[in-house]
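Enquirer: Each residue of the sequence shown is one higher than the last, beginning at 14 in my numbering. We put the beta carbon where it would ideally sit given N, CA and C, even for glycine. None of the values given here were measured: they were computed from a predicted structure. For reference, the structure I am asking about is given below.
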Amino acid sequence: MSLDTAATKPHERLSAALTSEMEAVNVLIRERMASKHAPRIPEVTAHLVEAGGKRLRPMLTLAAANMCGYDGPYHVHLAATVEFIHTATLLHDDVVDESGQRRGRPTANLLWDNKSSVLVGDYLFSRSFQLMVETGSLRVLDILANASATIAEGEVLQLTAAQDLATDEAIYLQVVRGKTAALFSAAMEVGGVIAGADETQVQALFDYGDALGVSFQIVDDLLDYGGSDATGKNIGDDFRERKLTLPVIKAVAAANDDERAFWTRTIEKGDQRDGDLKHALALLDKHNAMELTRQDALSWAEKAKTALRILPEHELREMLIDLADYVVARVS
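So this is what it looks like as structure tokens:
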């Protein structure tokens with residue numbers, strides 16, 4: 014079941030509830046991605062920004078601010094900031110991963126070149142910091158600056174960890190918290206901070222975003238081996254790209270000598286042959302790695318839901334709780 018084909022779509026209900034504010038976010042994004050002197054910038058940015066992404070991260074910021082009773086203008090700035098940071102990381106990721114497709118369309122680095130993708134990504138990071146400063150909140154700036162650094166750190170850690178069989182679940186979690194969960198948690202946290210929420214509520218918002226982000230990435234990694242096209246990837250792309258994701262980490266931890274030699278050859282050394290993906294899937298099945306990974310995703314989703322329950326009752330709170338269930342419904 015994909016996020017696009019499932020019968021119940023909490024992210025669409027969330028979008029409907031936040032329609033006017035999301036329109037303001039989109040207007041601000043279009044204004045700030047413009048450039049007087051470098052027309053390549055809006056060309057590249059528009060290709061990705063207009064590609065039909067769900068805008069989940071900015072919606073989290075708007076929802077958090079609304080749940081905490083905010084009635085000012087700056088949650089819109091922060092939502093746009095979060096989307097700019099996310100878009101910048103996508104531009105950079107596609108260069109690092111040498112990707113040719115994103116959201117079903119050719120990537121910017123394929124349509125233009127790597128230089129354009131990297132430099133436009135840098136421009137969007139700079140724009141995001143301009144937007145942060147306009148809120149006048151040093152704490153907001155601190156949260157989003159830290160998140161940006163954590164994202165970059167997670168991506169660099171993944172470069173070495175992804176093809177090293179010594180990578181365990183703790184290192185995997187560190188990577189995921191960096192490259193995915195950091196922006197989810199920051200998006201929620203700044204919504205509470207700009208609204209002046211108390212520290213207990215701000216922590217709950219952070220905890221929800223962190224757990225949702227971890228669950229989201231685990232599900233994404235699981236679907237790569239699980240036969241779904243929901244991620245826009247082909248089955249086994251992570252295997253072919255020699256990425257040591259959670260299902261494989263679990264299989265490696267339970268492997269005998271022959272199995273470990275297989276993983277060493279295919280993941281560490283990159284010597285992949287016909288039939289290797291089929292054998293990898295058989296080993297995941299033998300050690301129940303897919304089901305164990307699914308249980309981890311469900312556990313993180315439960316943590317996300319539990320975190321939100323300390324907040325006052327609100328229709329947006331219920332949508333976010335449903336969203337946590339919905340993320341893992343893809344593999345339930």
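Go through the segment 31-119 residue by residue and report every complete run of the alpha helix (DSSP H) that reaches 4 residues or more, in order.
Expert: As far as the segment 31-119 is concerned, its whole alpha helix (DSSP H) runs of at least 4 residues are 32-45, 53-62, 69-80, 87-109.
Enquirer: Since residue 211 and residue 234 should fall inside the 8 Å C-beta cutoff, what is the C-beta to C-beta distance between them, to a whole number of angstroms?
Expert: Going by Cβ atoms, the distance from residue 211 to residue 234 rounds to 35 Å, so no, they are not a contact pair.
Enquirer: Of all the options 256, 330, 308, which has the alpha carbon lying nearest to the alpha carbon of residue 214?
Expert: Nearest of 256, 330, 308 to residue 214, Cα basis: 330.
Enquirer: Taking the straight line between their C-alpha atoms, what separation do you get for residue 133 and residue 141?
Expert: So the alpha carbons of these two residues sit roughly 12 Å apart.
Enquirer: Taking just the CA atoms, how far does residue 90 sit from residue 79?
Expert: Approximately 14 Å, taken between the alpha carbons.
Enquirer: Smallest Cα separation from residue 94: which of 46, 130, 260, 273?
Expert: The candidate whose alpha carbon is nearest that of residue 94 is 46.
Enquirer: For residue 284, which option in 143, 302, 255 has the closest C-alpha, if you only look at C-alpha atoms?
Expert: Nearest C-alpha to residue 284: 255.
Enquirer: Could you check how far apart the C-beta atoms of residue 226 and residue 193 are, in whole angstroms? I think they sit under 8 Å.
Expert: So it is a contact: roughly 5 Å between Cβ atoms.
Enquirer: Quick check on the burial criterion: 16 or more other C-beta atoms within 10 angstroms. Buried or exposed for residue 309?
Expert: Buried, because 16 or more other Cβ atoms sit within 10 Å of the Cβ of residue 309.
Enquirer: Below 8 Å on the Cβ atoms is my guess for residue 8 versus residue 325; work out the distance and round it to an integer in Å.
Expert: Any answer about residue 8 is impossible in this case: the structure gives the chain only from 14 up to 345.
Enquirer: Taking just the CA atoms, how far does residue 179 sit from residue 42?
Expert: About 42 Å.
Enquirer: Can you say whether residue 292 is buried or exposed, counting buried as having 16 or more other CB atoms within 10 angstroms of its CB?
Expert: Exposed, by the Cβ-count rule.
Enquirer: When you compare only the Cα positions, how much space is there between residue 40 and residue 287?
Expert: For residue 40 and residue 287, the distance between alpha carbons rounds to 50 Å.
Enquirer: Taking the beta carbon of residue 282 as the centre, do at least 16 other beta carbons fall within 10 Å, making it buried, or is it exposed?
Expert: Flag for residue 282 reads exposed.
Enquirer: Between residue 351 and residue 316, what straight-line distance do the alpha-carbon atoms span, to the nearest angstrom?
Expert: Only positions 14 to 345 of the chain appear in the structure, and residue 351 is not among them; the question remains open.
Enquirer: Find the nearest neighbour of residue 344 within the set 138, 306, 135, 318, judged by alpha-carbon distance.
Expert: For residue 344, the nearest C-alpha among the options comes from 306.
Enquirer: If I measure Cβ to Cβ from residue 203 and keep anything under 7 Å in the same chain, skipping five residues before and after, which residues do I get?
Expert: If we look at residue 203 and ignore the five residues flanking it on each side, its Cβ neighbours are 74, 91, 153, 156, 157.
Enquirer: Below 8 Å on the Cβ atoms is my guess for residue 101 versus residue 138; work out the distance and round it to an integer in Å.
Expert: So it is a contact: roughly 5 Å between Cβ atoms.
Enquirer: Beta carbon of residue 160, beta carbon of residue 218: below 7 Å?
Expert: No; because the gap between Cβ atoms is not below 7 Å, this pair is not in contact.
Enquirer: Measuring alpha carbon to alpha carbon, tell me which residue in 302, 264, 207, 268 is nearest residue 82.
Expert: Answer by Cα proximity: 207.
Enquirer: Expressed to the nearest angstrom, what Euclidean distance is found between the alpha-carbon atoms of residue 136 and residue 172?
Expert: The alpha-carbon atoms of residue 136 and residue 172 are separated by roughly 24 Å.
Enquirer: For residue 228 versus residue 340, is the C-beta distance shorter than 7 Å?
Expert: Their beta carbons are under 7 Å apart, which means residue 228 touches residue 340 by this criterion.
Enquirer: Do the CB positions of residue 188 and residue 200 come within less than 7 Å of each other?
Expert: Contact flag unset, no.
Enquirer: Taking the alpha helix (DSSP H) that residue 206 belongs to, which residues open and close that run?
Expert: 195-207 is the span of the alpha helix (DSSP H), which, as asked, contains residue 206.
Enquirer: Assuming residue 164 is part of the alpha helix (DSSP H), what are its boundary residues?
Expert: Start and end: 151-174.
Enquirer: Tell me whether residue 316 sits in a helix, a strand or coil according to DSSP, three-state version.
Expert: Reduced to three states, the DSSP call for residue 316 is helix.
Enquirer: Indicate the three-state DSSP secondary structure (helix, strand or coil) for residue 226 in the structure shown.
Expert: Three-state DSSP puts residue 226 in a helix.
Enquirer: Taking DSSP as the reference, what is the three-state secondary structure of residue 366?
Expert: No statement about residue 366 is possible, as the shown extent of the chain runs from 14 to 345 and does not include it.
Enquirer: By how many angstroms is the C-alpha of residue 76 removed from the C-alpha of residue 23?
Expert: Cα-Cα distance, rounded: 13 Å.
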